[in-house]
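Each remark here refers to the structure printed beneath this line.
Right, here's the structure in full:
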(Lines of atoms letter the chains of each structure in order from A and count residues from 1; the text may use other names and numbers.)
(Lines give C-alpha, C1' and ligand atoms only; values in the text may rest on other atoms or scores of the structure.)
Protein backbone atom coordinates (compact mmCIF):
# COMPACT_ATOMS: atom_id res chain seq x y z
CA UNK A 1 0.00 0.00 0.00
CA UNK A 2 2.85 2.35 0.87
CA UNK A 3 4.47 1.63 -2.50
CA UNK A 4 1.22 2.54 -4.27
CA UNK A 5 0.94 5.82 -2.32
CA UNK A 6 4.54 6.73 -3.17
CA UNK A 7 3.91 5.88 -6.82
CA UNK A 8 0.75 8.02 -6.78
CA UNK A 9 2.66 10.95 -5.24
CA UNK A 10 5.39 10.66 -7.85
CA UNK A 11 2.82 10.28 -10.63
CA UNK A 12 0.90 13.37 -9.56
CA UNK A 13 4.11 15.40 -9.50
CA UNK A 14 4.96 14.19 -13.02
CA UNK A 15 1.45 14.98 -14.31
CA UNK A 16 1.57 18.45 -12.76
CA UNK A 17 5.01 19.11 -14.18
CA UNK A 18 3.81 18.30 -17.70
CA UNK A 19 0.27 19.70 -17.60
CA UNK A 20 -0.17 20.27 -21.34
CA UNK A 21 0.95 16.77 -22.25
CA UNK A 22 -1.22 15.28 -19.51
CA UNK A 23 -4.34 17.19 -20.60
CA UNK A 24 -3.92 16.02 -24.17
CA UNK A 25 -3.51 12.45 -22.90
CA UNK A 26 -6.74 12.22 -20.98
CA UNK A 27 -8.99 14.29 -23.29
CA UNK A 28 -9.74 11.27 -25.49
CA UNK A 29 -10.55 9.26 -22.36
CA UNK A 30 -12.90 12.05 -21.28
CA UNK A 31 -14.59 12.03 -24.70
CA UNK A 32 -15.09 8.28 -24.39
CA UNK A 33 -16.70 8.74 -20.99
CA UNK A 34 -19.14 11.32 -22.36
CA UNK A 35 -20.22 9.05 -25.21
CA UNK A 36 -20.41 6.01 -22.93
CA UNK A 37 -22.68 7.73 -20.40
CA UNK A 38 -24.93 9.15 -23.11
CA UNK A 39 -25.31 5.77 -24.84
CA UNK A 40 -25.92 3.76 -21.67
CA UNK A 41 -28.44 6.26 -20.37
CA UNK A 42 -30.31 5.96 -23.69
CA UNK A 43 -30.28 2.14 -23.57
CA UNK A 44 -31.48 1.89 -19.98
CA UNK A 45 -34.09 4.61 -20.46
CA UNK A 46 -35.40 2.68 -23.48
CA UNK A 47 -35.55 -0.50 -21.39
CA UNK A 48 -37.37 1.24 -18.53
CA UNK A 49 -39.87 2.78 -20.94
CA UNK A 50 -40.46 -0.62 -22.49
CA UNK A 51 -41.28 -2.12 -19.09
CA UNK A 52 -43.66 0.73 -18.32
CA UNK A 53 -45.22 0.47 -21.76
CA UNK A 54 -45.90 -3.22 -21.17
CA UNK A 55 -47.84 -2.24 -18.05
CA UNK A 56 -49.63 0.85 -19.38
CA UNK A 57 -49.89 0.45 -23.12
CA UNK A 58 -49.48 -3.26 -23.70
CA UNK A 59 -47.35 -4.91 -26.35
CA UNK A 60 -49.64 -7.45 -28.04
CA UNK A 61 -51.64 -4.85 -29.97
CA UNK A 62 -53.65 -4.90 -33.20
CA UNK A 63 -55.70 -2.26 -34.92
CA UNK A 64 -58.48 -2.83 -37.47
CA UNK A 65 -58.69 0.00 -40.02
CA UNK A 66 -60.68 0.34 -43.19
CA UNK A 67 -58.75 -0.37 -46.40
CA UNK A 68 -60.12 2.33 -48.67
CA UNK A 69 -57.60 1.47 -51.39
CA UNK A 70 -59.49 -1.79 -51.98
CA UNK A 71 -62.58 0.21 -52.96
CA UNK A 72 -60.69 1.79 -55.84
CA UNK A 73 -58.84 -1.36 -56.90
CA UNK A 74 -60.87 -1.73 -60.09
CA UNK A 75 -60.31 0.93 -62.77
CA UNK A 76 -63.93 0.55 -63.94
CA UNK A 77 -66.04 -0.01 -60.86
CA UNK A 78 -66.11 1.66 -57.47
CA UNK A 79 -67.05 -0.69 -54.67
CA UNK A 80 -68.39 1.06 -51.57
CA UNK A 81 -66.35 -0.37 -48.71
CA UNK A 82 -68.13 -2.09 -45.83
CA UNK A 83 -68.02 -0.23 -42.53
CA UNK A 84 -67.23 -1.49 -39.07
CA UNK A 85 -70.16 -0.58 -36.83
CA UNK A 86 -70.58 -0.88 -33.09
CA UNK A 87 -72.70 -4.00 -33.65
CA UNK A 88 -69.77 -5.54 -35.56
CA UNK A 89 -67.50 -4.76 -32.62
CA UNK A 90 -69.87 -6.56 -30.25
CA UNK A 91 -69.92 -9.53 -32.63
CA UNK A 92 -66.12 -9.57 -32.72
CA UNK A 93 -65.98 -9.60 -28.94
CA UNK A 94 -68.38 -12.55 -28.91
CA UNK A 95 -66.67 -14.54 -31.68
CA UNK A 96 -63.13 -14.02 -30.36
CA UNK A 97 -63.39 -14.35 -26.58
CA UNK A 98 -60.49 -13.83 -24.24
CA UNK A 99 -59.19 -10.58 -25.74
CA UNK A 100 -58.00 -8.15 -23.08
CA UNK A 101 -59.29 -5.09 -24.93
CA UNK A 102 -61.58 -4.42 -27.89
CA UNK A 103 -61.83 -0.64 -28.06
CA UNK A 104 -63.71 0.96 -30.98
CA UNK A 105 -63.06 4.56 -31.95
CA UNK A 106 -64.94 6.88 -34.27
CA UNK A 107 -63.83 10.45 -34.85
CA UNK A 108 -65.41 13.65 -36.05
CA UNK A 109 -63.27 16.60 -36.99
CA UNK A 110 -63.65 20.33 -36.50
CA UNK A 111 -66.51 20.38 -34.07
CA UNK A 112 -67.53 23.58 -32.33
CA UNK A 113 -67.81 23.60 -28.54
CA UNK A 114 -69.67 26.47 -26.91
CA UNK A 115 -69.78 27.48 -23.25
CA UNK A 116 -71.26 30.71 -21.89
CA UNK A 117 -71.11 32.31 -25.33
CA UNK A 118 -67.51 31.39 -26.03
CA UNK A 119 -67.05 29.21 -29.12
CA UNK A 120 -63.91 27.15 -29.79
CA UNK A 121 -62.89 24.54 -32.35
CA UNK A 122 -62.33 21.00 -31.08
CA UNK A 123 -62.54 17.35 -32.20
CA UNK A 124 -64.90 14.66 -30.95
CA UNK A 125 -63.96 10.98 -30.53
CA UNK A 126 -66.43 8.21 -29.77
CA UNK A 127 -65.19 5.52 -27.35
CA UNK A 128 -66.37 2.94 -24.83
CA UNK A 129 -65.12 2.15 -21.29
CA UNK A 130 -62.65 -0.28 -22.96
CA UNK A 131 -60.65 2.81 -23.96
CA UNK A 132 -59.25 3.11 -20.43
CA UNK A 133 -57.67 -0.36 -20.43
CA UNK A 134 -54.62 0.77 -22.41
CA UNK A 135 -52.71 4.03 -22.96
CA UNK A 136 -54.38 5.59 -19.94
CA UNK A 137 -51.74 8.19 -19.10
CA UNK A 138 -54.10 10.65 -17.49
CA UNK A 139 -55.31 11.89 -14.14
CA UNK A 140 -59.10 11.66 -14.02
CA UNK A 141 -61.32 14.25 -12.38
CA UNK A 142 -64.96 13.25 -12.12
CA UNK A 143 -65.77 9.98 -13.86
CA UNK A 144 -65.24 8.32 -17.22
CA UNK A 145 -67.83 7.07 -19.71
CA UNK A 146 -69.49 3.87 -18.45
CA UNK A 147 -71.54 1.13 -20.10
CA UNK A 148 -74.80 2.78 -19.00
CA UNK A 149 -73.83 5.85 -21.04
CA UNK A 150 -72.98 3.68 -24.05
CA UNK A 151 -76.08 1.50 -23.94
CA UNK A 152 -78.45 4.47 -23.52
CA UNK A 153 -76.67 6.76 -25.99
CA UNK A 154 -76.41 9.52 -23.39
CA UNK A 155 -75.08 12.96 -24.29
CA UNK A 156 -72.16 13.03 -21.88
CA UNK A 157 -68.54 13.78 -22.59
CA UNK A 158 -65.06 13.80 -21.08
CA UNK A 159 -62.63 16.63 -21.89
CA UNK A 160 -58.87 16.20 -22.26
CA UNK A 161 -56.65 18.83 -20.68
CA UNK A 162 -53.34 19.05 -22.55
CA UNK A 163 -49.98 18.87 -20.80
CA UNK A 164 -47.41 21.60 -21.45
CA UNK A 165 -45.46 20.84 -24.65
CA UNK A 166 -42.06 19.16 -24.34
CA UNK A 167 -38.84 21.14 -24.82
CA UNK A 168 -38.31 21.71 -28.53
CA UNK A 169 -36.37 23.80 -31.01
CA UNK A 170 -37.77 26.76 -32.94
CA UNK A 171 -38.69 24.66 -35.98
CA UNK A 172 -40.74 22.22 -33.91
CA UNK A 173 -42.44 25.11 -32.11
CA UNK A 174 -43.32 26.68 -35.46
CA UNK A 175 -44.89 23.43 -36.70
CA UNK A 176 -46.75 22.96 -33.43
CA UNK A 177 -48.22 26.46 -33.68
CA UNK A 178 -49.01 25.94 -37.35
CA UNK A 179 -51.11 22.82 -36.83
CA UNK A 180 -52.59 23.55 -33.41
CA UNK A 181 -56.06 24.44 -34.66
CA UNK A 182 -57.64 23.70 -31.27
CA UNK A 183 -55.38 25.88 -29.13
CA UNK A 184 -58.35 27.94 -27.95
CA UNK A 185 -60.07 24.75 -26.74
CA UNK A 186 -56.95 23.71 -24.82
CA UNK A 187 -56.81 27.13 -23.16
CA UNK A 188 -60.49 26.97 -22.22
CA UNK A 189 -60.18 23.52 -20.64
CA UNK A 190 -57.03 24.51 -18.74
CA UNK A 191 -58.46 27.74 -17.30
CA UNK A 192 -62.20 27.06 -16.95
CA UNK A 193 -63.85 24.69 -14.49
CA UNK A 194 -66.12 22.75 -16.86
CA UNK A 195 -66.63 19.63 -14.72
CA UNK A 196 -70.37 19.01 -14.26
CA UNK A 197 -71.28 21.84 -16.66
CA UNK A 198 -73.41 21.64 -19.81
CA UNK A 199 -71.70 22.59 -23.06
CA UNK A 200 -72.92 22.75 -26.65
CA UNK A 201 -71.13 20.63 -29.25
CA UNK A 202 -72.36 21.45 -32.74
CA UNK A 203 -75.47 22.90 -31.06
CA UNK A 204 -76.27 19.71 -29.10
CA UNK A 205 -76.13 19.83 -25.31
CA UNK A 206 -73.58 17.55 -23.60
CA UNK A 207 -72.81 17.25 -19.89
CA UNK A 208 -69.12 17.23 -18.96
CA UNK A 209 -68.76 14.26 -16.60
CA UNK A 210 -64.98 14.13 -16.43
CA UNK A 211 -61.70 15.90 -17.13
CA UNK A 212 -58.61 13.92 -18.18
CA UNK A 213 -55.34 15.70 -17.35
CA UNK A 214 -52.46 14.46 -19.50
CA UNK A 215 -49.27 13.35 -17.82
CA UNK A 216 -46.19 15.50 -18.55
CA UNK A 217 -44.28 14.22 -21.60
CA UNK A 218 -41.30 13.28 -19.44
CA UNK A 219 -43.44 10.81 -17.45
CA UNK A 220 -45.00 9.02 -20.40
CA UNK A 221 -43.85 5.48 -21.02
CA UNK A 222 -44.18 5.38 -24.78
CA UNK A 223 -41.58 4.01 -27.12
CA UNK A 224 -44.06 4.00 -29.96
CA UNK A 225 -45.89 7.19 -29.15
CA UNK A 226 -49.61 7.80 -29.13
CA UNK A 227 -50.49 9.50 -32.41
CA UNK A 228 -54.13 10.45 -31.69
CA UNK A 229 -54.61 13.91 -30.21
CA UNK A 230 -57.75 13.41 -28.13
CA UNK A 231 -59.85 16.46 -27.24
CA UNK A 232 -63.44 15.46 -26.38
CA UNK A 233 -64.51 11.86 -25.69
CA UNK A 234 -68.13 10.75 -25.89
CA UNK A 235 -69.94 7.37 -26.07
CA UNK A 236 -69.43 5.91 -29.54
CA UNK A 237 -73.12 4.98 -29.70
CA UNK A 238 -74.12 8.58 -28.97
CA UNK A 239 -71.94 9.81 -31.80
CA UNK A 240 -73.47 7.31 -34.22
CA UNK A 241 -77.02 8.06 -33.05
CA UNK A 242 -76.63 11.82 -33.51
CA UNK A 243 -74.70 11.31 -36.77
CA UNK A 244 -71.36 12.70 -35.66
CA UNK A 245 -70.26 9.40 -37.20
CA UNK A 246 -71.88 9.02 -40.61
CA UNK A 247 -73.42 5.78 -41.89
CA UNK A 248 -70.49 5.28 -44.28
CA UNK A 249 -67.83 6.01 -41.68
CA UNK A 250 -66.08 2.93 -40.31
CA UNK A 251 -64.90 2.57 -36.74
CA UNK A 252 -61.29 1.80 -36.01
CA UNK A 253 -60.87 -0.99 -33.47
CA UNK A 254 -57.89 -1.20 -31.11
CA UNK A 255 -57.30 -4.75 -29.85
CA UNK A 256 -55.01 -6.05 -27.14
CA UNK A 257 -54.70 -9.83 -26.89
CA UNK A 258 -53.28 -9.52 -23.37
CA UNK A 259 -50.31 -11.81 -23.99
CA UNK A 260 -47.61 -11.99 -26.66
CA UNK A 261 -47.93 -15.79 -26.65
CA UNK A 262 -51.54 -15.62 -27.83
CA UNK A 263 -50.95 -12.78 -30.29
CA UNK A 264 -50.54 -14.81 -33.50
CA UNK A 265 -53.55 -17.01 -32.74
CA UNK A 266 -55.72 -13.98 -31.93
CA UNK A 267 -54.60 -12.23 -35.11
CA UNK A 268 -55.61 -15.29 -37.16
CA UNK A 269 -59.03 -15.42 -35.47
CA UNK A 270 -59.65 -11.70 -36.06
CA UNK A 271 -58.74 -12.13 -39.74
CA UNK A 272 -61.17 -15.04 -40.02
CA UNK A 273 -63.89 -12.97 -38.38
CA UNK A 274 -63.43 -10.16 -40.91
CA UNK A 275 -63.61 -12.59 -43.83
CA UNK A 276 -66.76 -14.28 -42.51
CA UNK A 277 -68.44 -11.04 -41.44
CA UNK A 278 -67.72 -8.95 -44.54
CA UNK A 279 -67.10 -11.58 -47.19
CA UNK A 280 -63.65 -10.24 -48.05
CA UNK A 281 -60.94 -9.62 -45.49
CA UNK A 282 -59.13 -7.30 -47.89
CA UNK A 283 -61.57 -4.48 -47.10
CA UNK A 284 -59.90 -4.11 -43.70
CA UNK A 285 -56.27 -3.98 -42.63
CA UNK A 286 -54.78 -5.29 -39.41
CA UNK A 287 -52.03 -3.02 -38.17
CA UNK A 288 -49.53 -5.11 -36.24
CA UNK A 289 -48.43 -2.77 -33.45
CA UNK A 290 -46.43 -5.53 -31.81
CA UNK A 291 -44.13 -5.63 -34.81
CA UNK A 292 -44.03 -1.83 -34.90
CA UNK A 293 -42.95 -1.66 -31.26
CA UNK A 294 -40.32 -4.35 -31.76
CA UNK A 295 -38.89 -2.52 -34.78
CA UNK A 296 -38.76 0.77 -32.90
CA UNK A 297 -37.07 -0.83 -29.90
CA UNK A 298 -34.57 -2.55 -32.18
CA UNK A 299 -33.71 0.72 -33.95
CA UNK A 300 -33.21 2.57 -30.66
CA UNK A 301 -30.98 -0.15 -29.24
CA UNK A 302 -28.94 -0.36 -32.47
CA UNK A 303 -28.43 3.41 -32.42
CA UNK A 304 -27.32 3.22 -28.78
CA UNK A 305 -24.93 0.34 -29.54
CA UNK A 306 -23.38 2.34 -32.38
CA UNK A 307 -22.89 5.21 -29.94
CA UNK A 308 -21.31 2.84 -27.40
CA UNK A 309 -18.98 1.57 -30.12
CA UNK A 310 -17.87 5.14 -30.79
CA UNK A 311 -17.33 5.59 -27.07
CA UNK A 312 -15.18 2.45 -26.88
CA UNK A 313 -13.16 3.68 -29.88
CA UNK A 314 -12.61 6.94 -28.02
CA UNK A 315 -11.47 4.97 -24.97
CA UNK A 316 -9.07 2.95 -27.13
CA UNK A 317 -7.75 6.13 -28.76
CA UNK A 318 -7.22 7.60 -25.31
CA UNK A 319 -5.48 4.41 -24.19
CA UNK A 320 -3.13 4.55 -27.16
CA UNK A 321 -2.40 8.18 -26.35
CA UNK A 322 -1.59 7.26 -22.75
CA UNK A 323 0.63 4.41 -23.96
CA UNK A 324 2.57 6.77 -26.23
CA UNK A 325 2.95 9.34 -23.49
CA UNK A 326 4.05 6.68 -21.01
CA UNK A 327 6.64 5.33 -23.49
CA UNK A 328 7.96 8.86 -24.05
CA UNK A 329 8.11 9.32 -20.27
CA UNK A 330 10.05 6.07 -19.89
CA UNK A 331 12.71 7.13 -22.40
CA UNK A 332 12.88 10.64 -20.92
CA UNK A 333 13.43 9.25 -17.41
CA UNK A 334 15.87 6.47 -18.28
CA UNK A 335 18.58 7.77 -15.94
CA UNK A 336 16.05 8.06 -13.10
CA UNK A 337 15.06 4.44 -13.69
CA UNK A 338 18.74 3.44 -13.63
CA UNK A 339 19.34 5.24 -10.33
CA UNK A 340 16.29 3.63 -8.72
CA UNK A 341 17.33 0.21 -9.94
CA UNK A 342 20.91 0.78 -8.68
CA UNK A 343 19.76 1.63 -5.15
CA UNK A 344 17.56 -1.45 -4.90
CA UNK A 345 14.22 -0.82 -6.63
CA UNK A 346 12.79 -4.01 -8.11
CA UNK A 347 11.31 -4.45 -11.55
CA UNK A 348 7.85 -4.55 -9.99
CA UNK A 349 8.52 -1.19 -8.29
CA UNK A 350 9.40 0.38 -11.63
CA UNK A 351 6.34 -1.12 -13.32
CA UNK A 352 4.11 0.05 -10.48
CA UNK A 353 5.39 3.61 -10.79
CA UNK A 354 4.46 3.96 -14.46
CA UNK A 355 1.22 1.97 -14.25
CA UNK A 356 -0.04 4.12 -11.36
CA UNK A 357 0.83 7.30 -13.25
CA UNK A 358 -1.06 6.09 -16.33
CA UNK A 359 -4.06 4.99 -14.25
CA UNK A 360 -4.15 8.43 -12.65
CA UNK A 361 -4.40 9.96 -16.12
CA UNK A 362 -7.26 7.58 -16.89
CA UNK A 363 -9.04 8.42 -13.63
CA UNK A 364 -8.75 12.15 -14.24
CA UNK A 365 -10.07 11.71 -17.78
CA UNK A 366 -12.91 9.49 -16.54
CA UNK A 367 -13.98 11.95 -13.83
CA UNK A 368 -13.84 14.88 -16.24
CA UNK A 369 -15.76 12.93 -18.89
CA UNK A 370 -18.39 11.84 -16.36
CA UNK A 371 -19.00 15.44 -15.32
CA UNK A 372 -19.25 16.55 -18.95
CA UNK A 373 -21.46 13.55 -19.71
CA UNK A 374 -23.93 14.55 -17.02
CA UNK A 375 -23.97 18.17 -18.20
CA UNK A 376 -24.56 17.04 -21.78
CA UNK A 377 -27.07 14.32 -20.89
CA UNK A 378 -29.47 16.48 -18.89
CA UNK A 379 -29.09 20.30 -18.72
CA UNK A 380 -27.56 20.96 -22.15
CA UNK A 381 -29.97 18.66 -23.98
CA UNK A 382 -32.93 20.35 -22.30
CA UNK A 383 -31.57 23.78 -23.23
CA UNK A 384 -31.08 22.66 -26.84
CA UNK A 385 -34.59 21.20 -27.01
CA UNK A 386 -33.39 17.59 -27.29
CA UNK A 387 -34.75 14.53 -25.52
CA UNK A 388 -32.84 14.03 -22.25
CA UNK A 389 -32.33 10.60 -20.72
CA UNK A 390 -31.99 10.27 -16.93
CA UNK A 391 -28.48 9.31 -15.80
CA UNK A 392 -28.20 6.70 -13.07
CA UNK A 393 -25.62 7.16 -10.31
CA UNK A 394 -23.75 4.01 -11.31
CA UNK A 395 -23.13 5.16 -14.90
CA UNK A 396 -20.42 7.75 -14.07
CA UNK A 397 -18.84 5.23 -11.67
CA UNK A 398 -18.68 2.55 -14.38
CA UNK A 399 -17.35 5.13 -16.83
CA UNK A 400 -14.53 6.09 -14.47
CA UNK A 401 -13.77 2.41 -13.86
CA UNK A 402 -13.57 1.69 -17.61
CA UNK A 403 -11.32 4.73 -18.09
CA UNK A 404 -8.97 3.55 -15.35
CA UNK A 405 -8.99 -0.02 -16.70
CA UNK A 406 -8.22 1.24 -20.21
CA UNK A 407 -5.29 3.27 -18.94
CA UNK A 408 -4.05 0.27 -16.93
CA UNK A 409 -4.16 -2.08 -19.93
CA UNK A 410 -2.37 0.32 -22.24
CA UNK A 411 0.25 1.18 -19.61
CA UNK A 412 1.42 -2.42 -19.12
CA UNK A 413 3.69 -2.49 -22.18
CA UNK A 414 5.51 0.83 -21.47
CA UNK A 415 5.85 -0.16 -17.79
CA UNK A 416 7.26 -3.55 -18.83
CA UNK A 417 9.77 -1.78 -21.11
CA UNK A 418 10.81 0.48 -18.23
CA UNK A 419 11.19 -2.46 -15.84
CA UNK A 420 13.27 -4.34 -18.43
CA UNK A 421 15.96 -1.67 -18.61
CA UNK A 422 19.24 -2.87 -17.15
CA UNK A 423 20.64 -0.55 -14.44
CA UNK A 424 24.05 -0.18 -16.10
CA UNK A 425 22.54 0.67 -19.49
CA UNK A 426 20.09 3.07 -17.90
CA UNK A 427 22.81 4.91 -15.97
CA UNK A 428 24.81 5.38 -19.16
CA UNK A 429 21.80 6.99 -20.96
CA UNK A 430 21.97 10.73 -21.58
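In our numbering, the protein residues as written are 8 to 437. Every residue, glycine too, gets a C-beta built ideally from N, C-alpha and C.
(message) To the nearest angstrom, how far is the alpha carbon of residue 153 from that of residue 136?
(response) What you label residue 153 is simply residue 146 of the chain shown in a count that begins at 1. What you label residue 136 is simply residue 129 of the chain shown in a count that begins at 1. Using only the alpha carbons, I get a separation of about 5 Å.
(request) Would you mind sorting residue 403 into buried or exposed? The rule is 16 or more other CB atoms within 10 Å of its CB. (result) As a first step, residue 403 is located in the chain shown; it is residue number 396 there, counting from the start. Answer is buried; the Cβ neighbour count reaches 16.
(request) In the DSSP assignment, find the beta strand (DSSP E) that holds residue 106 and state where it starts and stops. (result) Residue numbering aside, residue 106 sits at position 99 when the chain shown is read from its first letter. That residue, residue 106, is in no beta strand (DSSP E); it is neither H nor E in DSSP.
(message) In whole angstroms, give me the CA-to-CA distance for residue 282 and residue 100.
(response) Locating residue 282 in the chain shown gives position 275, counting from the first residue. Locating residue 100 in the chain shown gives position 93, counting from the first residue. About 15 Å.
(message) In the DSSP assignment, the beta strand (DSSP E) including residue 145 goes from what residue to what residue?
(response) Taking the chain shown and counting its residues from 1, one reaches residue 145 at position 138. Element bounds for residue 145: 145-149.
(message) So, at 7 Å on beta carbons, what are the nonlocal neighbours of residue 383 in its own chain, with the 5 sequence-adjacent residues on each side left out?
(response) Sequence index remark: in the chain shown, residue 383 carries index 376 (1-based). Excluding sequence neighbours, residue 383 sits near 41 and 45.
(message) What would DSSP say about residue 256, mapped onto helix, strand or coil?
(response) Residue 256 sits at position 249 when you count from the first residue of the chain shown. Of the three classes helix, strand and coil, the one that applies to residue 256 here is coil, per DSSP.
(request) Taking residue 169 and residue 142 to be in contact with their CB atoms under 8 Å, please state how far apart those CB atoms are, rounded to whole angstroms. (result) In the chain shown, the residue the question calls residue 169 occupies position 162. In the chain shown, the residue the question calls residue 142 occupies position 135. With 8 Å as the limit, residue 169 and residue 142 do not qualify as a contact, their Cβ atoms being about 16 Å apart.
(message) Between residue 142 and chain B, is the shortest Cβ-Cβ distance under 8 Å, so that the two count as touching?
(response) This model lacks chain B altogether; it includes just one protein chain.
(request) Determine the direct distance from the alpha carbon of residue 92 to that of residue 73, and round the result to whole angstroms. (result) Looking up residue 73 in the chain shown gives position 66. Looking up residue 92 in the chain shown gives position 85. Their backbone Cα atoms lie some 11 Å apart in a straight line.
(message) If you reduce the DSSP assignment to three classes, tell me which class residue 427 lands in.
(response) Taking the chain shown and counting its residues from 1, one reaches residue 427 at position 420. If DSSP states are grouped into helix, strand and coil, residue 427 belongs with coil.
(request) Compare the Cα-Cα distances from residue 365 to each of 410, 426, 54 and 220 and report the closest residue. (result) As a working note, residue 365 is residue 358 in the chain shown. It is 410 whose Cα lies nearest to the Cα of residue 365.
(request) Using the DSSP secondary-structure output, state which residues sit across from residue 316 in a beta bridge. (result) Taking the chain shown and counting its residues from 1, the one referred to as residue 316 is at position 309. Answer is none; residue 316 lacks a bridge partner.
(message) If I measure Cβ to Cβ from residue 207 and keep anything under 6 Å in the same chain, skipping five residues before and after, which residues do I get?
(response) Counting from one through the chain shown, the residue named residue 207 turns up at place 200. Once the five neighbours on either side are set aside, the close Cβ partners of residue 207 are 121.
(message) Along the chain, where does the alpha helix (DSSP H) containing residue 277 start, and where does it finish?
(response) Along the chain shown, read from residue 1 onward, the residue named residue 277 stands at position 270. Residue 277 -> alpha helix (DSSP H) spans 270-285.
(request) Can you tell me which of 202, 48, 250 and 171 puts its alpha carbon nearest to the alpha carbon of residue 209? (result) The residue labelled residue 209 in the question sits at position 202 within the chain shown. Checked all of 202, 48, 250 and 171; the closest Cα to residue 209 is 250.
(message) If the criterion is Cβ atoms closer than 8 Å, does the pair residue 130 and residue 204 meet it?
(response) Here residue 130 corresponds to residue number 123 of the chain shown, with the count starting at 1. Here residue 204 corresponds to residue number 197 of the chain shown, with the count starting at 1. Contact flag unset, no.
(message) Could you tell me which whole alpha helix (DSSP H) segments of length 4 or greater appear in the segment 29-60?
(response) none
(request) Compute the distance between the beta-carbons of residue 414 and residue 267, then report whether it is under 8 Å. (result) Working through the chain shown from its first residue, we reach residue 414 at position 407. Working through the chain shown from its first residue, we reach residue 267 at position 260. Their beta carbons are not under 8 Å apart, which means residue 414 does not touch residue 267 by this criterion.
(request) Tell me whether the beta-carbon of residue 247 lies closer than 8 Å to the beta-carbon of residue 113. (result) Residue 247 sits at position 240 when you count from the first residue of the chain shown. Residue 113 sits at position 106 when you count from the first residue of the chain shown. Result yes, Cβ atoms of residue 247 and residue 113 sit closer than 8 Å.
(request) Determine which residues share a DSSP beta bridge with residue 111 and list them. (result) On the chain shown, residue 111 is found 104 positions in, with the first residue counted as 1. According to DSSP, which records beta bridges pairwise, residue 111 is partnered with 260.
(request) Tell me the start and end of each unbroken beta strand (DSSP E) in the segment 119-143 that is at least 3 residues and wholly inside, in chain order. (result) 125-134
(message) Please state the DSSP three-state secondary structure of residue 221.
(response) For this step, residue 221 is matched to residue 214 along the chain shown. DSSP places residue 221 in strand when its eight states are reduced to three.
(message) What does the alpha-carbon distance come out to for the pair residue 155 and residue 64?
(response) Position 148 of the chain shown, counted from the first residue, corresponds to residue 155. Position 57 of the chain shown, counted from the first residue, corresponds to residue 64. Approximately 25 Å between the Cα atoms of the pair.
(request) In the DSSP assignment, find the unbroken alpha helix (DSSP H) run with residue 202 in it and report its ends. (result) Position 195 of the chain shown, counted from the start, is the residue given in the question as residue 202. Segment: none, residue 202 is in no alpha helix (DSSP H) and carries neither H nor E.
(request) Using alpha carbons as the reference points, say which of 51, 89 and 138 lies closest to residue 304. (result) As a working note, residue 304 is residue 297 in the chain shown. Cα-wise, what sits closest to residue 304 is 51.
(request) Look at residue 133 and residue 243 and say whether their C-beta atoms are less than 8 Å apart. (result) Reading the chain shown from its first residue, position 126 is the one you call residue 133. Reading the chain shown from its first residue, position 236 is the one you call residue 243. Contact: yes.
(message) Considering only their Cβ atoms, is the gap separating residue 421 from residue 333 smaller than 8 Å?
(response) Numbered from 1 along the chain shown, position 326 holds the residue referred to as residue 333. Numbered from 1 along the chain shown, position 414 holds the residue referred to as residue 421. Yes, they are a contact pair.
(message) Once DSSP output is grouped into helix, strand and coil, what is the label at residue 251?
(response) If you number the chain shown from 1, residue 251 lands on position 244. Coil at residue 251, not helix or strand.
(request) Answer yes or no: do residue 293 and residue 319 have a C-beta to C-beta separation smaller than 8 Å? (result) To locate residue 293, count along the chain shown from 1; it is residue 286. To locate residue 319, count along the chain shown from 1; it is residue 312. Not in contact: residue 293 and residue 319 (Cβ atoms no closer than 8 Å).
(request) Label residue 279 either buried or exposed according to how many other C-beta atoms from any shown protein chain fall within 10 Å of its C-beta, with 16 as the threshold for buried. (result) One-based indexing of the chain shown puts residue 279 at position 272. Exposed, since its Cβ has fewer than 16 Cβ neighbours within 10 Å.
(request) Measure the Cβ-Cβ separation of residue 262 and residue 277 and say whether it is below 8 Å. (result) By 1-based counting over the chain shown, the position of residue 262 is 255. By 1-based counting over the chain shown, the position of residue 277 is 270. Yes; because the gap between Cβ atoms is below 8 Å, this pair is in contact.
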